[in-house]
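Visitor:
In our numbering, the protein residues as written are 118 to 385.
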C-alpha cells in the first residue's frame with residue numbers, strides 16, 4: 118500500500134512540474150527577437166566624424182555632420198567641409214547595420230566606402246567607414262529634437278517674398294530656389310562662374326516622407342555651362358530645421374552617381 122501511495126505521489130508531482138512549465142511558457146517564458154531598428158528621420162547638424170584627408174594620413178575632423186534617412190537611403194553632409202556621403206543601407210539586423218556610400222567632395226570626384234555600425238532608434242547612428250580619404254574613419258549623427266512630419270506648407274515659398282538661397286557645394290555660386298504649394302521646385306544660378314553647377318537651371322519635386330522631417334527630391338538639371346552635368350536623374354533628400362525662425366534652414370542634397378548638388382539653404 119505504501120508503494121502505491123509513493124507511486125501516486127511521484128506521478129502527481131511530475132504532472133505538477135510539467136503543468137508549471139507549460140504555464141510559464143504560455144506567460145512569456147520564451148523571449149522574442151527584437152524588431153529591427155528604423156533609422157528614418159532627420160539628424161541635426163551637430164554630428165561628428167573623424168576621417169582622413171585625401172592623403173589618407175592626415176586627420177579631418179568634422180563637427181557639423183547632419184543626416185537624412187528615408188527607407189534604405191541615407192545622406193550625410195558637412196556644409197563646412199563640402200562633403201556629402203550618399204548611401205544605401207544594405208542590411209539592418211536589430212540595431213546593427215551595413216551600408217555603402219558614394220562620397221562627393223565639392224559635388225564631384227566620387228569615391229566609395231562601406232560602413233558598419235549601430236542604430237539607436239530615435240537617438241543616433243554611429244558607424245565605422247572602410248575606404249580611403251573621407252571614407253576612412255568613424256562618424257556619429259544625432260537624431261534631431263524636432264522631427265515633426267514633413268509637409269509642403271513648411272517649405273513652400275509660393276505667395277511670399279521669400280526664396281530659399283544657398284551657395285551650391287560651398288562655392289560662391291548662389292542659387293535661388295522656389296517651392297510651390299504642391300512641392301514643385303524651380304531654381305536658377307544667380308551669380309558667379311566658380312561652380313560645377315555654373316549656369317544651371319533646375320526643376321523638380323519635393324515629396325514629404327510620411328511621419329518624418331524628411332523630403333525625397335527628384336531634380337532635372339539643364340543649361341549648365343558644363344553640359345556633362347546636365348541630367349534628368351538627380352535624386353536625394355532634404356530636411357528643415359529652425360535657426361532664427363521656424364524652418365528657416367534646409368539641408369538639401371541630390372546626386373546622380375557622378376555629380377552631387379548639395380547646400381544648406383536659408384529662407385531669405
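Positions of the beta carbon are idealized from the N, C-alpha and C atoms, including for glycine. The structure displayed is predicted, hence computed values, not measured ones.
With a threshold of 16 other CB atoms inside 10 Å of the CB of residue 140, please say whether the residue is buried or exposed.
Guide: With a pLDDT of 42 at residue 140, under the threshold of 50, the modelled position of that residue is not reliable, and the figure given next carries that caveat. With fewer than 16 Cβ atoms within 10 Å of its Cβ, residue 140 is classed as exposed.
Visitor: Enumerate, from N- to C-terminal direction, the unbroken alpha helix (DSSP H) stretches of 4 or more residues contained entirely within the region 153-231.
Guide: Complete alpha helix (DSSP H) runs here, min 4: none at all.
Visitor: Might you give, ordered along the chain, the residues of its own chain that have their beta carbon closer than 8 Å to the beta carbon of residue 324, omitting 5 neighbours on each side?
Guide: Only 300, 332, 333, 334 and 335 meet the Cβ criterion.
Visitor: Whole angstroms are fine: how far does the CA of residue 151 sit from the CA of residue 385?
Guide: Rounded to the nearest angstrom, the two C-alpha atoms are 45 Å apart.
Visitor: Using a Cβ-Cβ cut-off of 6 Å (strictly less than) and excluding sequence neighbours within five positions of residue 252, which residues of its own chain qualify?
Guide: Correct list, in chain order: 220, 228, 230 and 246.
Visitor: Whole angstroms are fine: how far does the CA of residue 259 sit from the CA of residue 163?
Guide: Approximately 7 Å, taken between the alpha carbons.
Visitor: Are the region 202-212 and the region 176-194 touching, with three or more C-beta to C-beta distances below 8 Å?
Guide: Touching, yes.
Visitor: Since residue 167 and residue 254 should fall inside the 8 Å C-beta cutoff, what is the C-beta to C-beta distance between them, to a whole number of angstroms?
Guide: At roughly 5 Å, the Cβ-Cβ gap stays under 8 Å, so residue 167 and residue 254 are in contact.
Visitor: What residues in its chain sit with their C-beta under 7 Å from that of residue 241, if we drop five residues either side in the sequence?
Guide: Answer for residue 241: 257, 258, 259 and 260, listed in chain order.
Visitor: Residues in the same chain with beta-carbon distance under 8 Å from residue 210, minus the five sequence neighbours each way, listed in chain order, please.
Guide: So the list reads 153, once near-sequence residues are dropped.
Visitor: Thinking C-beta only, is residue 157 closer than 8 Å to residue 305?
Guide: Going by C-beta atoms, residue 305 is not nearer than 8 Å to residue 157.
Visitor: Below 8 Å on the Cβ atoms is my guess for residue 233 versus residue 244; work out the distance and round it to an integer in Å.
Guide: Confirmed, Cβ separation roughly 7 Å.
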